[in-house]
Amino acid sequence: MKASTQNRIGDIFSYLFMLICFTFFAWPLFWLLSLALRTRKEIYLGVSRLIPHYPTLDNFIQILSSPKFGLYLWNALKLSTMSGVLCLAVALPAAYAFSRLKMRGKGPWLMAILALQMISPLVIMIPLYRYMASLNLLDNQFSAIMVYTALVVPMVTWILKGFMDGIPRSLDEAALIDGASHFGVFFRVILPLSTPGIASAFIIAVITSWSQFLVPFLLITKESLTPISVGIFQYAGTQNDSSMQVLAAACLVSVAPAIIAFLLLQRLILSAMTAGAVKG
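In terms of the numbering used here, the sequence shown opens at residue 2 and continues consecutively.
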């Protein structure tokens, strides 16, 4: 069998595998969109077809015109953005230290950071609640931002370290010879060259924080401070089955920003995540 034929067969199987994965993950979103476009009558009749007979945008209009959902979206944006900024403030110096500085036990420390990422938030919920209650930080968005940051920092540190590893060390040495300190190298050399990695890490941190549910559900009870993930859950608990189409529209509105951000910036994210592997 010729090499070109083998390559074509390999491409066919690759595309087939990607199509299966896309169908598996996108099918629930298609059904969610189908429910969101239905009328209350069609939901009540239990119609199981994917494409509704009489599609309508009234459910989205009802959601977007509701001041509560606007407040939920604003809270989610504020929490995720501020946690992303704070995450970069913590992860950037840590990534630089692991990438450039000589230290004892660098490997074990990196593995410890990775191990922290593997801990499920469910494990720490009870002690976290008691700890925040003792500090009088319940119903406080600052506490949620701090926890968001702690959960995302390990992943962002690894991403930034991989990107910084791809930056030639000769640039650091040249700057040190010219009299720059390690802080000068960090701010004048590493940060400007790490801009794509920083942008992708920030986007990933924001998307990850946007999808958080357990942390705000546990720490925030005031409706005025609730993000969209908890707001939809509370809305679902107060509605009956005939409001399923409105709930589906609300779910789509909540996930749409993350999906759109990833689709628009996927090249930046993927290039930054693989830059260290390609250059290093």
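Built from N, CA and C at the ideal position, the CB exists for glycine as well.
Sequence-distant residues of the same chain with beta carbon closer than 6 Å to GLY108, five excluded per side:
As a working mapping, residue 108 is identified with position 107 in the sequence shown. Sequence-distant Cβ neighbours of GLY108 in its own chain, meaning closer than 6 Å and more than five residues away, do not exist here.
Considering only residues of the same chain and omitting the five flanking positions on each side of LEU265, which have a CB-CB separation below 8 Å?
Start at 1 with the first residue of the sequence shown, and residue 265 comes out as number 264. Contacts found: none.
Alpha carbon of ALA92 to alpha carbon of PHE14, nearest angstrom
Counted from its first residue, the sequence shown places residue 92 at position 91. Counted from its first residue, the sequence shown places residue 14 at position 13. Near 39 Å, if we compare the C-alpha coordinates of PHE14 and ALA92.
Verify whether the separation of the beta carbon atoms of LEU65 and SER225 is less than 8 Å.
Here the question's residue 65 lines up with position 64 in the sequence shown. Here the question's residue 225 lines up with position 224 in the sequence shown. In this structure, SER225 does not lie closer than 8 Å to LEU65 by Cβ.
Rounded C-alpha distance that separates LEU20 from SER195
Here residue 20 corresponds to residue number 19 of the sequence shown, with the count starting at 1. Here residue 195 corresponds to residue number 194 of the sequence shown, with the count starting at 1. Roughly 34 Å between the two C-alpha positions.
Among the residues of its own chain, which have a CB less than 6 Å from the CB of ALA278, if the five just before and after it don't count?
As a working note, residue 278 is residue 277 in the sequence shown. Note that ALA278 scores 46 on pLDDT, short of 50, meaning its location in the model is unreliable; the coordinates nonetheless yield the value given after this. Within the same chain, ALA278 has no close Cβ partners at all.
State buried or exposed for ARG39, treating a residue as buried only when at least 16 other CB atoms are found within 10 Å of its CB.
On the sequence shown, residue 39 is found 38 positions in, with the first residue counted as 1. Label assigned to ARG39: buried.
Go through its chain and collect everything with a Cβ distance to ALA98's Cβ below 8 Å, but skip five positions before and after it.
Residue numbering aside, residue 98 sits at position 97 when the sequence shown is read from its first letter. Closer than 8 Å at Cβ, skipping near neighbours: MET104.
Is the beta carbon of ALA176 sitting closer than 8 Å to the one on GLY185?
In the sequence shown, residue 176 corresponds to position 175, counting from 1. In the sequence shown, residue 185 corresponds to position 184, counting from 1. Contact: yes.
Considering only residues of the same chain and omitting the five flanking positions on each side of TRP28, which have a CB-CB separation below 8 Å?
Within the sequence shown, residue 28 is the residue found at index 27, counting from 1. None.
I want to know whether the stretch 140-156 touches the stretch 206-221 - three or more CB-CB distances under 8 Å.
With a cut-off of 8 Å, the stretch 206-221 and the stretch 140-156 count as touching, because enough Cβ pairs lie within range.
Shortest alpha-carbon distance to LEU34 belongs to which of VAL231, ARG268 and ALA257?
For the purposes of this step, residue 34 is taken as residue 33 along the sequence shown, with counting starting at 1. Nearest neighbour of LEU34 by Cα position, chosen from VAL231, ARG268 and ALA257, turns out to be ALA257.
C-alpha gap between VAL124 and ALA90, whole angstroms
The count along the sequence shown starts at 1 and reaches residue 124 at position 123. The count along the sequence shown starts at 1 and reaches residue 90 at position 89. Their Cα atoms are separated by approximately 26 Å.
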